Every structure is written in structure tokens, then in C-alpha cells.
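Inspection log for the structure reproduced underneath, given as C-alpha cells.
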Amino acid sequence: MDAYSIPLAKPSITQDDIDAVTAVLRSGRLSIGPVVEQFESELAKVAGVKYAVCVNSGTSALELIVKALGIGEGDEVICPSFTFIASANCIVNAGATPVFVDIDPHTYCLDPKKIEADITNDTKAILAVDLFGRCANWTEIEQIAKHYELLVIEDACEAIGALHHGREAGSFGDAACFSFYPNKQITTGEGGVILTNNEQVRYQSVILRNQGRCGPEWLSHHYVGHNYRMTEMQAALGLSQLRRLNELIALRYDVMSLYNTILMNCADLILPIASNEMSPFVYVVQLSQQYDRKERDRIIEAMALRGIECRAYFPPIHRQPAYLTQSFFDDVHLPHTDSIADRTIALPFYPDLTDEEIGTVCLALQELL
Ligand SMILES: *Cc1c(COP(=O)(O)O)cnc(C)c1O
Numbered sequence: 011m012d013a014y015s016i017p018l019a020k021p022s023i024t025q026d027d028i029d030a031v032t033a034v035l036r037s038g039r040l041s042i043g044p045v046v047e048q049f050e051s052e053l054a055k056v057a058g059v060k061y062a063v064c065v066n067s068g069t070s071a072l073e074l075i076v077k078a079l080g081i082g083e084g085d086e087v088i089c090p091s092f093t094f095i096a097s098a099n100c101i102v103n104a105g106a107t108p109v110f111v112d113i114d115p116h117t118y119c120l121d122p123k124k125i126e127a128d129i130t131n132d133t134k135a136i137l138a139v140d141l142f143g144r145c146a147n148w149t150e151i152e153q154i155a156k157h158y159e160l161l162v163i164e165d166a167c168e169a170i171g172a173l174h175h176g177r178e179a180g181s182f183g184d185a186a187c188f189s190f191y192p193n194k195q196i197t198t199g200e201g202g203v204i205l206t207n208n209e210q211v212r213y214q215s216v217i218l219r220n221q222g223r224c225g226p227e228w229l230s231h232h233y234v235g236h237n238y239r240m241t242e243m244q245a246a247l248g249l250s251q252l253r254r255l256n257e258l259i260a261l262r263y264d265v266m267s268l269y270n271t272i273l274m275n276c277a278d279l280i281l282p283i284a285s286n287e288m289s290p291f292v293y294v295v296q297l298s299q300q301y302d303r304k305e306r307d308r309i310i311e312a313m314a315l316r317g318i319e320c321r322a323y324f325p326p327i328h329r330q331p332a333y334l335t336q337s338f339f340d341d342v343h344l345p346h347t348d349s350i351a352d353r354t355i356a357l358p359f360y361p362d363l364t365d366e367e368i369g370t371v372c373l374a375l376q377e378l379l
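Residue numbering for the sequence shown follows the working numbering, beginning at 11 and increasing consecutively.
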């Protein structure tokens, strides 16, 4: 039982999903098998790329992309701070330095106009995030990257099925990734995938996820790798979920639209701008400028007392305890990130959320404003 009567997120699991996982369990082949391969070939199609390499999380996918692209000590990578912490941890864990750039206040994604000021001789790559299921401004990011000869990483963990001017999320830059954590559009429990057209990234990822093995010899390791493999059960769940991707996105879109309709006239709220190219991931409202972080947190607590789970989304990475101690953030200047992150609230958001529940959430929120 959920502690909340209306939780923040909830996966949509059908009998077909359960049957697909059960079939793998009965087959006896639980890892390194045909189901992962089939899931990979379907995912490559969804992203419109040549190669997909499944791993055990979106975080693992980001780590392997950074390694496979040769990013490491001495390198700087431009990225947003208004995102999930894995978007920057993959850079720090490789020994490189994240350089935080501000967001566009309307899309919440990396602002291309702010990038050039932070490019130095050490800049190796730009990592942008398709935040909340909306694609970053890839047209401009790719132009800047080309001009300065920078690598590009697309963190599409929140955006499977989204588009940018008709091009698929997961197809931008040198490599991209999706996550299949239970709150994402489709889930495998834990899981992720690397997406790329770059043969070298594919090759390195396949080897590094499997303990650095590159031949048939099980105990011969040519590289210092990881065990980041996805199981056959996870892939079976993912394949089954993927069949409903369009349906699940449409349901999420309907939930977002109903929230926007009900809350439209609420002067204290800035609502997300709906776009039919989005693959809605979370529903995040922004309190107007007269609110501060304390009042926002008070509203989240008061919603919790009513059984409604909400969350501050996202506390910016440069203000995380883990990052406050790092020396490379002396001159971080992120006015939009700091201001917006203090006033955003994610409301309950998942395909099975009923109209009645949406009404309950909106009523509670409006009473608290
Ligand atoms: C979910 C998420 C990740 C990490 O994915 P996991 O599968 O949870 O490791 C990375 N980046 C962003 C933006 C995410 O939302």
C-alpha cells in the first residue's frame, strides 16, 4: 500500500507485462540472451539511430557514454544544474569537470545563448537534457558544438518518444540515453540504454558493460570494465511496455492537458507549456515570483498531510550537499536556475491518474495558495 492516497508517480503494469516476464523466468535464460537483443533493436528504431546498447540504468548509460567518448581528467563538460544529479555525476565520476550553464526559463532546458560564454580551451563536450520530456534546443546546440568542435551528449532519460522539429529524442549528438526507472514513460524496474550512430561508442559500451570482455573467452578481460548488464526479465518487461509507448504518452498528455485546463486561471501558478512534440514525464508547476522556497516547501508538506505526494523538482545540482564541497563552483551564476528551482512543485503524474484524482490535487493546491 502507498503511504500516499495519490502518489507522485506509478508505473502502468498490465497482465501482458507480467506474462512476458514470467515467460523469461520459465525459459531458464535470465541474462545475456535474445530478449535484450530484441529490445535493443526496437529501441534503436524508436530513437531513429543505428545502435542501442542496453544497460542496468540510465545512470550507467551516461557513465559509459562519457567513458566511450574519451572524456576524462582535465576536460570540462557544459551541462545544466536544473536536472537530476546523474547528469553531472557521470562527468565528475569520469574525473572531468561539469561547468553549469543556466536554463531557458520557458522550457527549463539548457539555454544555448548562455553556452558560448563558458567555453574554454578545456571544454570537451556539451551535455544537454531533454527535461521533463521536452527536447532541448538541439538545432542551436548542435550548431555551437560544430563551430567549437565539441562532443555532444543527449540525456534523454526523461524523453523517450519526444521530438524536436520532427527528429526523435535519442538521436541528437554523438550519443544519447533513455532510462527505464519506474517513474519514466516506460519501465524495466531498473534499466537504461545507450543510443548512437557512432560505431566506436557502440563497441566500447558493449565491452565496458560486460566486464571489459571483447572475445568469447569468459575470463579474459581486455579493459577494466563494469557489470552494467540488463537482465532478460528487464528486457522482456521493456519490450512489452514499449508496445504501449504511444498509448502511454497519449494518456500522460491527457493528464497534463486536464491539469493545465483546471489550473489555467490560477494567478499564482506558471504552468508548463504543452507541445505535441513532448513526451510528458512529470507535471511541474512554478509558483509565481512572490513565493519563496520556504513557502513552496510548506505547500508540499501541506499536500502530503492530505495524502497527496508532491516534490520540489529539481533541487539544482550546484546546491546539492555533495557538490557544495567541490572547489570548481566558485563563480557559478545561474539566476534562472536558482530562482525557478526554489518555486517548482511536481504534482502527482502518471497514466492511470483519474480525472477525479486530478481534481482533488488541483483543489487541494488552490486551497493552499
Ligand atoms: C532518471 C534520470 C537519469 C537516471 O536514470 P536512472 O535509470 O534512474 O539511473 C538521468 N538523467 C535524468 C535527467 C533522469 O531523469
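All residues carry an ideal CB built from backbone N, CA and C; glycine is no exception. Only a predicted model underlies this, so the values are computations on that prediction, with no experimental measurement involved.
M274 to V46 span [Cα, whole Å] | To locate residue 274, count along the sequence shown from 1; it is residue 264. To locate residue 46, count along the sequence shown from 1; it is residue 36. Approximately 43 Å, taken between the alpha carbons.
Helix, strand or coil at P90 [DSSP, three-state]: Within the sequence shown, numbered from 1, the residue matching residue 90 stands at position 80. Strand.
Whose C-beta lies closer than 7 Å to the C-beta of E52 among residues of the same chain, with five residues either side of it excluded? Here residue 52 refers to the residue found at position 42 when the sequence shown is read from its first residue. Correct list, in chain order: L249, L252.
At which residues does the beta strand (DSSP E) containing A13 begin and terminate?
-> Your numbering for residue 13 matches position 3 in the sequence shown. Neither: A13 is in no beta strand (DSSP E) and is coded neither H nor E.
| Is the CB-CB distance between A146 and A135 below 9 Å? | For the purposes of this step, residue 146 is taken as residue 136 along the sequence shown, with counting starting at 1. For the purposes of this step, residue 135 is taken as residue 125 along the sequence shown, with counting starting at 1. Result no, Cβ atoms of A146 and A135 do not sit closer than 9 Å.
Quiz item: Hey, is G202 close to ligand 1, as in C-beta under 8 Å from one of its heavy atoms?
Solution: Start at 1 with the first residue of the sequence shown, and residue 202 comes out as number 192. Correct: G202 has its Cβ closer than 8 Å to ligand 1.
Query - Any non-hydrogen atom of ligand 1 within 8 Å of K91 CB - result: By 1-based counting over the sequence shown, the position of residue 91 is 81. It should be noted that the sequence gives Ser, not Lys, for residue 91. S91: no, Cβ never under 8 Å from ligand 1.
| message | Quick check on the DSSP output: the beta strand (DSSP E) that includes D165 runs from which residue to which? | response | Along the sequence shown, read from residue 1 onward, the residue named residue 165 stands at position 155. Per DSSP, D165 belongs to the beta strand (DSSP E) from 161–165.
- Would you call the segment 201–211 and the segment 83–99 in contact, with 3 or more CB pairs under 8 Å? no
ask   = Candidates T149, A33, T117, L18: which alpha carbon is nearest M288's?
value = As a working note, residue 288 is residue 278 in the sequence shown. Answer by Cα proximity: T117.
Does the separation of the CB atoms of D348 and R329 fall below 9 Å? Indexing the sequence shown from 1 puts residue 348 at position 338. Indexing the sequence shown from 1 puts residue 329 at position 319. Contact flag set, yes.
Please confirm whether A172 has its beta-carbon closer than 9 Å to some beta-carbon of chain B. No chain B appears in the structure shown, which is made up of a single protein chain.
Terminal residues of the continuous beta strand (DSSP E) containing P108? Taking the sequence shown and counting its residues from 1, one reaches residue 108 at position 98. Note, P108: beta strand (DSSP E), 107–111.
Do you know whose CA, among G105, W148, F142, lies nearest I125's CA?
One-based indexing of the sequence shown puts residue 125 at position 115. Looking at the Cα atoms, W148 is the closest of the given residues.
**Prompt:** Which residues in the same chain as M11 place their Cβ atom closer than 6 Å to its Cβ, once the five residues preceding and following it in sequence are excluded?
**Reply:** For the purposes of this step, residue 11 is taken as residue 1 along the sequence shown, with counting starting at 1. Caution applies to M11, whose pLDDT of 46 falls short of 50 and renders its modelled position unreliable; the model cannot decide the point.
With DSSP collapsed to three states, give me the class of A322. Residue numbering aside, residue 322 sits at position 312 when the sequence shown is read from its first letter. The answer is coil: DSSP assigns A322 none of H, G, I, E or B.
* **Selection from N208, Y61, A260, F182 that minimises the alpha carbon distance to E150** => As a working mapping, residue 150 is identified with position 140 in the sequence shown. Closest by alpha carbon: F182.
> Quick one: what does DSSP say F188 is sitting in, helix, strand or coil?
Replying inline: As a first step, residue 188 is located in the sequence shown; it is residue number 178 there, counting from the start. Three-state result, F188: strand.
Next item on the list: With a 10 Å radius around its C-beta and 16 neighbouring C-beta atoms as the bar for buried, classify R39 as buried or exposed.
Entry: On the sequence shown, residue 39 is found 29 positions in, with the first residue counted as 1. Counting Cβ neighbours within 10 Å, R39 comes out exposed, since fewer than 16 surround it.
Worksheet item: Taking the beta strand (DSSP E) that G202 falls in, what are its first and last residues?
Response: Residue 202 sits at position 192 when you count from the first residue of the sequence shown. That run of the beta strand (DSSP E) goes 202–206.
Practice problem: Go ahead and pull the three-state DSSP assignment for K123. | Solution: Here residue 123 refers to the residue found at position 113 when the sequence shown is read from its first residue. K123: helix per DSSP, three-state reduction.
Run of the beta strand (DSSP E) containing L297, from where it starts to where it stops: Translated into the one-based positions of the sequence shown, residue 297 becomes position 287. Segment 293–297, the beta strand (DSSP E) holding L297.
Quiz item: For the alpha helix (DSSP H) that contains C100, what are its first and last residues?
Solution: Residue mapping note: residue 100 aligns to position 90 of the sequence shown, counting from 1. Start and end: 96–102.
Quick check: does the Cβ of S97 come within less than 8 Å of any heavy atom belonging to ligand 1? The residue labelled residue 97 in the question sits at position 87 within the sequence shown. Correct: S97 has its Cβ closer than 8 Å to ligand 1.
When burial is assigned at 16 or more other CB atoms within 10 Å of the CB, is V56 buried or exposed?
Reading the sequence shown from its first residue, position 46 is the one you call residue 56. With 16 or more Cβ atoms within 10 Å of its Cβ, V56 is classed as buried.
Q. With a Cβ-Cβ cutoff of 9 Å, do S41 and T241 count as a contact?
A. What you label residue 41 is simply residue 31 of the sequence shown in a count that begins at 1. What you label residue 241 is simply residue 231 of the sequence shown in a count that begins at 1. Contact: yes.
For the pair the segment 355–364 and the segment 14–32, tell me if three or more CB-CB distances fall below 8 Å. yes
- Message: Taking 8 Å as the cut-off, is the beta-carbon of D165 closer than that to any non-hydrogen atom of ligand 1?
- Response: Taking the sequence shown and counting its residues from 1, one reaches residue 165 at position 155. Because some heavy atom of ligand 1 lies under 8 Å away, the Cβ of D165 counts as near it: yes.
* **Close beta carbons around P122, own chain, < 7 Å, minus the five adjacent residues each side** => As a first step, residue 122 is located in the sequence shown; it is residue number 112 there, counting from the start. So the qualifying residues of the chain are N147, E150, I151, I154.
Taking C-beta to C-beta, are A245 and C64 nearer than 9 Å? To locate residue 245, count along the sequence shown from 1; it is residue 235. To locate residue 64, count along the sequence shown from 1; it is residue 54. In this structure, C64 lies closer than 9 Å to A245 by Cβ.
Reduced DSSP secondary structure (H/G/I, E/B, other) of V216: For this step, residue 216 is matched to residue 206 along the sequence shown. If DSSP states are grouped into helix, strand and coil, V216 belongs with the helices.
* Asked: In three-state terms, what does DSSP make of E83?
  -> Reading the sequence shown from its first residue, position 73 is the one you call residue 83. In this structure, E83 counts as coil in the three-state DSSP scheme.
At least 3 beta-carbon pairs within less than 8 Å: the segment 276–291 vs the segment 167–185: yes
Do you know offhand how far V295's Cα is from Q25's?
As a first step, residue 295 is located in the sequence shown; it is residue number 285 there, counting from the start. As a first step, residue 25 is located in the sequence shown; it is residue number 15 there, counting from the start. When rounded, the distance between both Cα atoms is 34 Å.
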